[in-house]
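Just so you know, the sequences run in chain order L and U.
Residue numbering for the first sequence follows this note's numbering, beginning at 1 and increasing consecutively.
Residue numbering for the second sequence follows this note's numbering, beginning at 117 and increasing consecutively.
A short write-up of the structure that comes next.
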Amino acid sequence: NAGVTQTPKFQVLKTGQSMTLQCAQDMNHNSMYWYRQDPGMGLRLIYYSASEGTTDKGEVPNGYNVSRLNKREFSLRLESAAPSQTSVYFCASSEGPGQGADGKLFFGSGTQLSVL
Amino acid sequence: AQSVAQPEDQVNVAEGNPLTVKCTYSVSGNPYLFWYVQYPNRGLQFLLKYITGDNLVKGSYGFEAEFNKSQTSFHLKKPSALVSDSALYFCAVRDPGYSSASKIIFGSGTRLSIRP
Numbered sequence: 001n002a003g004v005t006q007t008p009k010f011q012v013l014k015t016g017q018s019m020t021l022q023c024a025q026d027m028n029h030n031s032m033y034w035y036r037q038d039p040g041m042g043l044r045l046i047y048y049s050a051s052e053g054t055t056d057k058g059e060v061p062n063g064y065n066v067s068r069l070n071k072r073e074f075s076l077r078l079e080s081a082a083p084s085q086t087s088v089y090f091c092a093s094s095e096g097p098g099q100g101a102d103g104k105l106f107f108g109s110g111t112q113l114s115v116l
Numbered sequence: 117a118q119s120v121a122q123p124e125d126q127v128n129v130a131e132g133n134p135l136t137v138k139c140t141y142s143v144s145g146n147p148y149l150f151w152y153v154q155y156p157n158r159g160l161q162f163l164l165k166y167i168t169g170d171n172l173v174k175g176s177y178g179f180e181a182e183f184n185k186s187q188t189s190f191h192l193k194k195p196s197a198l199v200s201d202s203a204l205y206f207c208a209v210r211d212p213g214y215s216s217a218s219k220i221i222f223g224s225g226t227r228l229s230i231r232p
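Right, here's the structure in full:
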């Protein structure tokens with residue numbers, strides 16, 4: 001059982017380049033999320049999808065777009081990468097609408113992104 | 117507005133000794149509280165949660181946490197630390213008054229280091 005799978009694991013971009021981070025879950029979860037993790041700042045929510053066909057902004061959405069392709073897949077796109085987007089990105093999923101009945105999240109292993 | 121604080125960036129404990137990782141929170145209603153652990157180069161893993169009921173919650177790997185409403189705290193504890201417990205620990209809080217998936221907040225994390 002793979003759980004939440006993210007690709008790629010590492011990526012280096014030049015300022016202004018674009019890229020898409022892919023995420024897929026095999027737990028039949030309704031809700032999916034993208035977080036970024038920066039030193040000393042914990043995890044901050046970028047975008048989330050409470051259910052297939054819906055997406056909403058989180059705490060730090062600027063510079064990002066998302067697509068909920070189907071129930072399994074939720075991608076994050078950087079249209080024009082900036083050095084401030086250097087971070088570790090995590091995809092997560094949960095049961096039910098919103099963050100599930102209690103908010104228990106299942107995380108992928110992360111993507112380490114550097115923007116030069 | 118809800119918030120969560122982890123006052124210690126790092127906690128150092130000798131193997132076999134008890135450990136405590138501190139967490140305090142602020143929400144308008146009764147909180148849902150969580151602890152997650154992150155091992156190097158991995159995503160976050162769920163450890164335990166408090167929703168309601170007994171103030172002492174038991175979780176994975178021998179960890180437990182005590183909910184203290186008067187002190188608005190949810191400290192993570194383990195009676196006897198193992199070297200393998202060394203990792204980054206995150207406290208998280210959700211205000212159940214919000215149905216939106218975005219209303220879960222993570223602390224900044226505490227690095228736990230267990231010396232042999």
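The C-beta atom is built at its ideal place from N, Cα and C for all residues, glycine as well.
It should be emphasised that the depicted structure is a prediction, and the values quoted were computed from it without experimental measurement.
Interface flag, Q126 of chain U vs chain L, CB-CB below 9 Å: Contact of Q126 of chain U with chain L is not assigned, every C-beta pair being separated by 9 Å or more.
Sequence-distant residues of the same chain with beta carbon closer than 6 Å to T74 of chain L, five excluded per side: The sequence given here has Phe at residue 74 of chain L, not Thr. The beta carbon of F74 of chain L sits closer than 6 Å to the beta carbons of C23, M32, S49, R68 from its chain, once the five residues preceding and following it are set aside; these are given in chain order.
Where D170 of chain U falls: helix, strand or coil (DSSP): DSSP places D170 of chain U in the coil class of the three-state scheme, outside both helix and strand.
9 Å Cβ cutoff met for L192 of chain U and T136 of chain U: With a cutoff of 9 Å on beta-carbon distance, L192 of chain U and T136 of chain U are scored as near each other.
Helix, strand or coil at Y155 of chain U according to DSSP, with G and I counted as helix: Looking at Y155 of chain U - three-state DSSP - the assignment turns out to be coil, as it is neither helix nor strand.
Cut-off 7 Å between Cβ atoms - residues of its own chain near L45 of chain L, not counting five sequence neighbours on either side: So the qualifying residues of the chain are Y33, Y35, G58, E59.
Under the three-state DSSP convention, the category T5 of chain L falls into: Strand at T5 of chain L.
Under the three-state DSSP convention, the category G98 of chain L falls into: Any answer about G98 of chain L is weak, because its pLDDT of 48 lies below 50 and its placement is not dependable; what the coordinates show is given next. Under the three-state reduction of DSSP, G98 of chain L is assigned to coil, being neither helix nor strand.
Three-state secondary structure (DSSP) of S176 of chain U: The answer is helix: DSSP assigns S176 of chain U an H, G or I state.
Alpha-carbon spacing of T7 of chain L relative to Q17 of chain L, whole angstroms: Note on geometry: alpha-carbon atoms of T7 of chain L and Q17 of chain L lie some 17 Å from one another.
Validate contact between the segment 175 to 191 of chain U and the segment 147 to 165 of chain U using beta carbons, cut 8 Å, 3 pairs: Short answer: they touch.
Neighbouring residues, chain L, relative to Q223 of chain U (Cβ below 8 Å): Looking at the sequence itself, residue 223 of chain U is Gly, so the reference to Gln does not match. What G223 of chain U touches in chain L: G42.
is_contact[G108 of chain L, chain U] using C-beta, thresh 9 Å: So yes, G108 of chain L belongs to the interface.
L73 of chain U versus V12 of chain L: straight-line alpha-carbon distance, rounded: The requested residue 73 of chain U does not occur in the structure, where chain U is confined to residues 117 to 232.
Partners in chain L for R158 of chain U, counting only beta-carbon separations shorter than 8 Å: Neighbours of R158 of chain U on chain L, chain order: S109, G110.
Contact with chain U by V4 of chain L, beta-carbon distance below 9 Å: It does; some Cβ of chain U falls within 9 Å.
F162 of chain U beta carbon near the ligand ADP (any heavy atom closer than 8 Å): As for the ligand ADP, it is missing from this structure, which has no ligand bound.
Start and end residues, beta strand (DSSP E) containing N128 of chain U: 126 to 130 is the span of the beta strand (DSSP E), which, as asked, contains N128 of chain U.
Where F90 of chain L meets chain U, residues with beta-carbon distance less than 8 Å: What F90 of chain L touches in chain U, judged by beta-carbon distance under 8 Å, is G159, L160, going in chain order.
For V143 of chain U, the three-state DSSP class (helix, strand or coil): In this structure, V143 of chain U counts as coil in the three-state DSSP scheme.
Alpha-carbon spacing of A181 of chain U relative to C139 of chain U, whole angstroms: If you draw a straight line from the Cα of A181 of chain U to the Cα of C139 of chain U, it comes to about 10 Å.
Chain-ordered neighbours of L105 of chain L on chain U, where CB pairs are closer than 9 Å: Neighbours of L105 of chain L on chain U, chain order: F150, Y152, L160, F162, A208, I220.
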